Amino acid sequence: MGAALIAPGILHRFSISSSATGFRRSVLVHVYADKADVVRSAQNYGMAVDSAGAITNSFGYRHPAPEHMRHMAVIRLAESQLDSNTLAHEVTHAALHIYFADCCKWESRARAHIDGANEELAYLVGDLTGSLHFELRKRGYFISSDSY
Ligand SMILES: [Zn+2]
Numbered sequence: 001m002g003a004a005l006i007a008p009g010i011l012h013r014f015s016i017s018s019s020a021t022g023f024r025r026s027v028l029v030h031v032y033a034d035k036a037d038v039v040r041s042a043q044n045y046g047m048a049v050d051s052a053g054a055i056t057n058s059f060g061y062r063h064p065a066p067e068h069m070r071h072m073a074v075i076r077l078a079e080s081q082l083d084s085n086t087l088a089h090e091v092t093h094a095a096l097h098i099y100f101a102d103c104c105k106w107e108s109r110a111r112a113h114i115d116g117a118n119e120e121l122a123y124l125v126g127d128l129t130g131s132l133h134f135e136l137r138k139r140g141y142f143i144s145s146d147s148y
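Per our numbering, residue 1 is the first one in the sequence shown, and the count goes up by one each step.
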């Protein structure tokens with residue numbers, strides 16, 4: 001067995017979910033020790049990446065029957081890059097795939113514009129979320145995970 005076939009060490013594995021589109025959709029999350037493990041894991045999935053602190057593989061919108069999918073995406077995070085900017089960036093990718101599958105559908109012309117790989121939108125949401133988090137924390141606010 002070659003080195004590329006050895007699964008990189010996953011420190012944590014869990015799923016997150018939302019029913020915002022009217023369907024319960026879940027996303028699998030893997031946390032790795034470092035960026036090299038994230039890259040190796042993505043390469044094992046056939047992604048051509050050289051370096052990354054976080055990566056999202058999304059499957060939902062490409063699947064003919066997304067309702068049968070257990071997870072619509074896998075978010076891979078490096079422990080060394082767990083910040084609100086990165087989390088928001090990767091969640092945006094996963095959310096775009098779910099949004100497309102549930103709200104646009106494959107036949108939609110929006111497919112030309114919303115394919116989940118929309119880096120500009122992911123960076124916009126990540127950068128703005130990271131900056132907002134930073135400014136609020138600087139002013140003494142604690143940012144909870146939700147407001148329920
Ligand atoms: Zn991205």
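In this text, a Cβ means the ideal position worked out from N, Cα and C, and glycines have one as well. Bear in mind the structure is a predicted one, so any value in this text is a computation, not a measurement.
Proximity of residue i and residue j at Cβ, strictly below 8 Å
i      : j      : result
Thr92  : Leu121 : yes
Asp34  : Glu79  : yes
Met72  : His113 : no
Arg76  : Val38  : yes
Gly130 : Asn85  : yes
Ser26  : Tyr32  : no
Gln81  : Gly53  : yes
DSSP bridge partner residues for residue i (one or two, in chain order)
i      : result
Ser108 : DSSP output for Ser108 lists no bridge partner at all.
Tyr32  : Ile10 and Ala78
Arg25  : Ser18
Asn57  : Val74
Environment of residue i [buried if 16+ CB atoms lie within 10 Å]
i      : result
Gly126 : buried
Asn44  : exposed
Phe100 : buried
Ser144 : exposed
Gly22  : exposed
Val49  : exposed
Ala3   : A caution first: Ala3 carries a pLDDT of 47, below 50, which makes its placement in the model unreliable, though a value can still be read off. Counting Cβ neighbours within 10 Å, Ala3 comes out exposed, since fewer than 16 surround it.
Leu5   : The predicted position of Leu5 is uncertain, since its pLDDT is 46 and thus under 50; no value can be drawn from it.
Ser19  : exposed
Met1   : Here Met1 scores only 42 on pLDDT, less than 50, and its place in the model is too uncertain to base an answer on.
Leu128 : exposed
Ser51  : exposed
Leu136 : exposed
Ala110 : exposed
Of the residues the options, the one placed nearest residue i, counting alpha carbons only
i      : options                         : result
Ser17  : Arg109, Gly9, Leu11 and Val29   : Val29
Thr56  : Lys138, Ala95, Gly130 and Asp83 : Ala95
Ser15  : Thr129, Val74 and Ala42         : Val74
Ile10  : Ala36, Glu135 and Ser19         : Ala36
Trp106 : Phe142, Glu119, Leu87 and Pro66 : Pro66
His68  : Asp146, Tyr141 and Arg24        : Arg24
Asn118 : Ser58, Lys138 and Arg13         : Ser58
Test: residue i CB closer than 8 Å to a CB of chain D
i      : result
Leu132 : The chain inventory of the structure shown lacks chain D, comprising one protein chain alone.
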